[in-house]
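A.B. asks: Here it is: the structure, laid out below.
Residue numbers (this note's numbering): 4 to 158.
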């Protein structure tokens, strides 16, 4: 019996640890995007505190997104839309996989664009660290929240 309690306690400790990291990551990303949206006078910056809707704010902050020479129209709607599609269609074998990969690729390009706008010299490093250590993405967003954009693309 004691062994089962030990395993359950270990599992509970790991769950609590990762749950706290997830909450901290969410708060850091939301606060970072909220501050960036306020500084750019984007309407309804409070949307950054709504989990999937915060991708709308990310899209508004980066304004445009080019992938391989193709400009994604209305990136502020595409980012949350493809995230929702990824969850809803994720259970369908082929379609779900394709949508999930597309969502990940578009999200990574969007993050790279955000990093490039605020810290162009470190954009690639930040992106690689965000891929390898996922909770670093929200940390970088939080750290960049007060930075003035280094460059702006003309829409």
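Yeah, the Cβ is synthetic: ideal placement off N, Cα and C, and Gly gets one too.
(1) Using the three-state DSSP reduction, which class does residue 45 fall into: helix, strand or coil?
(2) Tell me the rounded alpha-carbon separation between residue 34 and residue 5.
(3) Looking at C-alpha atoms only, which residue of 87, 131, 145, 16 is the closest neighbour of residue 59?
(4) Short check: CB of residue 30 to CB of residue 117, under 8 Å?
(5) Would you mind working out which of 9, 23, 28 sits nearest residue 139, comparing C-alpha positions?
(6) Whole alpha helix (DSSP H) runs in the segment 69-105 with 4 or more residues, listed along the chain?
(7) In the structure shown, what three-state DSSP assignment does residue 144 receive?
(8) Counting Cβ pairs closer than 8 Å, one from the segment 38-58 and one from the segment 15-22, do we hit at least three?
(9) Exposed or buried, residue 62, counting other C-beta atoms within 10 Å across all chains shown (16 or more means buried)?
(10) How would you write the range of the alpha helix (DSSP H) that residue 134 sits in, first residue to last?
(11) Mark residue 143 as exposed unless 16 or more other C-beta atoms lie within 10 angstroms of its C-beta, in which case mark it buried.
(12) Leaving out the 5 sequence neighbours to the left and right, which residues in its chain are closer than 6 Å to residue 153 when beta-carbon positions are compared?
C.D. replies: Taking the structure as given:
(1) Assignment of residue 45 by DSSP, reduced to helix, strand and coil, places it in the coil class.
(2) Roughly 43 Å between the two C-alpha positions.
(3) Measuring from the Cα of residue 59, the nearest candidate turns out to be 87.
(4) The answer is no: Cβ separation not under 8 Å.
(5) It is 28.
(6) Segments of the alpha helix (DSSP H) lying fully in the segment 69-105: 78-92.
(7) In the three-state DSSP reduction, residue 144 falls in the helix class (H, G or I).
(8) Counting Cβ pairs under 8 Å, fewer than three are found: no touch.
(9) Flag for residue 62 reads buried.
(10) Looking at the DSSP string, the run of the alpha helix (DSSP H) that includes residue 134 is 126-135.
(11) By the 10 Å Cβ count, residue 143 comes out buried.
(12) Within the same chain, residue 153 has close Cβ partners 123.
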